[in-house]
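Be aware that the sequence shown starts at 1327, since it is given in my numbering, and climbs by one per residue. Every residue gets a Cβ at the ideal spot worked out from N, C-alpha and C, and that includes glycine.
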Amino acid sequence: MHNTSIASDGSRDHRTISEAIREAPSLSGSPYVIYITRGNYYENVVIPKDKKNLVFIGDGMEVTKIIGHRSNASGFGTQDTATLVVLGDGFMARDIGIVNAAGPNGNQAVALRTEAKQCVFYRCRIEGYQDSLYAKRYTQFYRECEILGTVDFIFGASTTVLQNCKIYCRRPNPKQHVTVTADGKDDPGILTGIVLHNCSILATKELREAKPNVSSYLGRPWRPYSTTVVMQSFIGGFVSPQGWSPWNEGENETLSTLTYIEYGNRGPGSNTTSRVKWGGFKVFNNSKDVLQFTVQNFLNGSDWLPSTGVPFLPGLM
């Protein structure tokens, strides 16, 4: 069931996503469902603060795509490059691709920027190179999504869990390293961070075949209290044995204040014996040490996710 629908050929209620958002009710107390039929929608879409509880449903992440091209290289500030910006609380997207097609030479080029409470993305693909997913702030849940990028491509200062997602590292520009995450926590007193739970961290064919080899890391600290947890996930063998990178070579002041945790991972890149020896990096073997980072405890997920109909695992596997 949907409230309105979109087709780029004009055969539905609206031709563009932006038009459908303009006509959606403000401050809706219940979900307002916008069905976006298969096709490529070349637009930069903003969901304003007053458009609460909007739901986008597509025909599949590979066939319903929102595509933008804005980038740092073409004169936009990082946050203004986003193809889709979500400011309205309670937003949900399902079966949609969100693409920034600026390419690797665009430098920072965001596909999705989210700064709204209780956002959910289910079976979506978020695709770019540098800075693909800007989870800027508030509570966010990603389930069975695909995230593609090169440098800092999951970043922000939000309270975010990615569960059962496939994270594809792409080949970056020469002299660049791959860094999956760059959490921006700068206040130790608030509960924020990025959690990857039962995800698969994989390399695209182009990255696997890159010569010379590209160094790839699970993350680097954008801000002093950067918090990132990789737990019960598959880590591909392309990830550097040291696992994590400083923000810049030789910058050591954040390495004792950050919180980087690995727990119960698998795959050829999951061996932690050669990991960084930083004060803030921990390998945990006891489940009680990571319970605070589950969907239930980190997001209070059992309070609000059931109403979305999206599957989730509240605790550990």
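Query raised in the report: Cβ of PHE1447 within 7 Å of any heavy atom in the ligand SAM?
Result: Ligands displayed in this structure: none; no statement on the ligand SAM is therefore possible.
Query raised in the report: What is the DSSP secondary structure of GLN1405, reduced to helix, strand or coil?
Result: Residue state, collapsed to three classes: helix.
Query raised in the report: Quick one: Cα of ASN1433 to Cα of ASP1406, how far?
Result: Approximately 13 Å, taken between the alpha carbons.
Query raised in the report: How do the region 1556-1574 and the region 1591-1604 stand: do at least 3 beta-carbon pairs fall below 8 Å, yes or no?
Result: Yes, they touch.
Query raised in the report: Among the residues of its own chain, which have a CB less than 8 Å from the CB of GLY1641, if the five just before and after it don't count?
Result: Excluding residues within five positions, the ones whose Cβ falls inside 8 Å are LEU1617, THR1620, VAL1621 and GLN1622.
Requested in this report: Determine the contact status of LYS1391 and LEU1353, defining contact as a CB-CB distance below 8 Å.
Outcome: In this structure, LYS1391 lies away from LEU1353, with their beta-carbon atoms at least 8 Å apart.
**Report entry** Own chain, CB closer than 6 Å to SER1541, minus 5 neighbours either side, in chain order
**Finding:** Only HIS1503 and SER1566 meet the Cβ criterion.
**Report entry** Residue span of the alpha helix (DSSP H) that contains GLU1369, given as start and end
**Finding:** Per DSSP, GLU1369 lies in no alpha helix (DSSP H) and is assigned neither H nor E.
Query raised in the report: Which stretch, first to last residue, makes up the beta strand (DSSP E) that contains VAL1521?
Result: From DSSP, the beta strand (DSSP E) with VAL1521 extends over 1519-1523.
Requested in this report: Please state if the CB of ASN1524 and the CB of SER1559 are separated by a distance shorter than 8 Å.
Outcome: The answer is yes: Cβ separation under 8 Å.
Query raised in the report: beta strand (DSSP E) containing VAL1411: first to last residue?
Result: Note, VAL1411: beta strand (DSSP E), 1410-1412.
Query raised in the report: By how many angstroms is the C-alpha of ARG1497 removed from the C-alpha of ASN1431?
Result: If you draw a straight line from the Cα of ASN1431 to the Cα of ARG1497, it is about 12 Å long.
Report task. Using only alpha-carbon positions, find the residue among VAL1425, SER1458, THR1363 and THR1465 that is nearest to PHE1624. Result -> Closest in alpha carbon position to PHE1624, among VAL1425, SER1458, THR1363 and THR1465, is THR1465.
**Report entry** Alpha-carbon to alpha-carbon, LEU1631 and PHE1382
**Finding:** PHE1382 and LEU1631 have their C-alpha atoms spaced approximately 16 Å apart.
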